[in-house]
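Numbering (the numbering used here), first residue to last: 18 to 189.
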Amino acid sequence: MTRPTLIATIGPCGAGKTTWRRRHAPAGAVVVSLDETRAALSPCGCSGNHAVNAAAVEAATTSTREVLAAGGTVVWDTTAYLSRFRAHMLDLADEAGARTVGLVVLPPLLTALARNAGRDATVCPHCGSPRRVPDPVVWRMHHAITTDLPRLPGEGWHELRFLDLPPYLRTR
Ligand SMILES: Nc1ncnc2c1ncn2[C@@H]1O[C@H](COP(=O)(O)OP(=O)(O)OP(=O)(O)O)[C@@H](O)[C@H]1O
Ligand SMILES: [Mg+2]
Ligand SMILES: [Zn+2]
């Protein structure tokens with residue numbers, strides 16, 4: 018049996034995480050996307066529907082356990098902007114003896130804002146969520162990840178990869 022592997026993106030909304038995993042997720046990997054799970058569980062089909070968030074996290078957790086227990090690879094397509102979200106994934110990997118790869122997708126803030134700005138800002142009449150998140154949300158996520166960069170190596174990832182790191186952070 019191959020060693021189970023958990024790959025997790027770490028990046029703000031609009032960073033390019035989903036674009037990366039569509040292009041580069043290893044063949045055969047199971048993608049866990051809270052956005053897509055929320056959309057599937059929402060009667061209105063919205064990925065940002067918070068009413069189904071807890072159910073989406075539970076479904077994602079169950080599927081991660083199953084895939085890792087079978088020796089497979091899971092790619093979490095998630096912002097993981099808070100250390101407790103990352104700790105949850107690292108705990109799941111640890112339970113299964115899985116290898117962990119953190120993939121930091123952190124373009125400059127203005128790039129993430131511009132990519133987010135290109136999305137539909139219409140608010141859903143059923144759940145109240147837009148696909149485009151408010152700019153301050155992107156800013157806060159970007160700031161949280163930037164602040165945590167020096168701490169990531171101590172969180173327990175077997176491997177950390179940095180995509181799109183802004184030039185002013187490259188020497189850290
Ligand atoms: N490397 C890139 N170069 C140019 N445009 C990109 C790149 N990566 C992503 N984009 C564009 O930026 C937008 C956001 O990308 P994407 O949906 O992958 O972000 P995300 O990190 O998954 O965001 P969210 O957390 O909100 O799901 C998309 O319109 C996408 O086409
Ligand atoms: Mg995405
Ligand atoms: Zn909705």
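Here a beta-carbon is modelled for each residue, glycine too, at the ideal position from N, C-alpha and C.
> What are the boundary residues of the alpha helix (DSSP H) that includes Thr36?
Replying inline: First-last of the alpha helix (DSSP H) with Thr36: Lys34 to His41.
>> Suppose you measure from the CA of His160 to the CA of Arg101; what does that come to, to the nearest Å?
In response: For the pair His160 and Arg101, the Cα-to-Cα distance works out to about 16 Å.
> Is it true that the CB of Pro151 sits closer than 8 Å to the CB of Thr139?
Replying inline: Cβ distance not < 8 Å, so Thr139 and Pro151 don't count as in contact.
> Under the criterion of a Cβ to heavy atom distance below 7 Å, does Cys63 qualify as lining ligand 3?
Replying inline: True, at least one ligand heavy atom lies under 7 Å from that Cβ.
> Does the Cβ of Asn133 lie closer than 7 Å to at least one heavy atom of ligand 3?
Replying inline: Distances taken from the Cβ of Asn133 to the heavy atoms of ligand 3 include none shorter than 7 Å.
>> DSSP three-state label for Ala25, please.
In response: In the structure shown, the three-state DSSP call for Ala25 is strand.
> Is the number of C-beta pairs between the segment 126 to 133 and the segment 28 to 45 that are closer than 8 Å three or more?
Replying inline: The answer is yes - the segment 28 to 45 touches the segment 126 to 133, with three or more Cβ pairs under 8 Å.
> For Gly119, which residues does DSSP report across the bridge?
Replying inline: DSSP lists Ala25 and Leu177 as the beta-bridge partner residues of Gly119.
> So, using beta-carbon positions, are Gly119 and Leu180 closer together than 8 Å?
Replying inline: One thing to note: Gly119 has its Cβ no nearer than 8 Å to the Cβ of Leu180.
> What do you reckon, is the C-beta of Thr164 under 7 Å from a heavy atom of ligand 1?
Replying inline: Every heavy atom of ligand 1 is 7 Å or more from the Cβ of Thr164, so no.
>> Using a 10 Å radius around the Cβ and a threshold of 16 neighbouring Cβ atoms, would you call Leu99 buried or exposed?
In response: Classification of Leu99: exposed, given that the 10 Å Cβ count is below 16.
> Between which two residues does the beta strand (DSSP E) carrying Asp111 extend?
Replying inline: Run containing Asp111: none in the beta strand (DSSP E); it sits in the alpha helix (DSSP H), Ser100 to Glu112.
>> So, for Trp156: in the same chain, excluding its five sequence neighbours on each side, which residues have a beta-carbon less than 7 Å away from its beta-carbon?
In response: Result list for Trp156: Leu126, in chain order.
> Apart from the five residues just before and just after Thr90, which ones in its own chain have a Cβ nearer than 6 Å to its Cβ?
Replying inline: Short of 6 Å from the beta carbon of Thr90, and not among the five residues preceding or following it, lie these beta carbons of its own chain, in chain order: Thr22, Pro43 and Ala46.
> Got a sec? Which residues, its chain only, sit under 8 Å from Ser80 by beta carbon, not counting five neighbours each side?
Replying inline: Here the set comprises Val47, Val49 and Val91.
>> Give me the DSSP bridge partner(s) of Asp137.
In response: None; Asp137 has no bridge partner.
>> Quick check: the Cα distance between Trp93 and Trp37, rounded to an integer number of angstroms?
In response: Looking at the two C-alpha atoms, the distance is approximately 12 Å.
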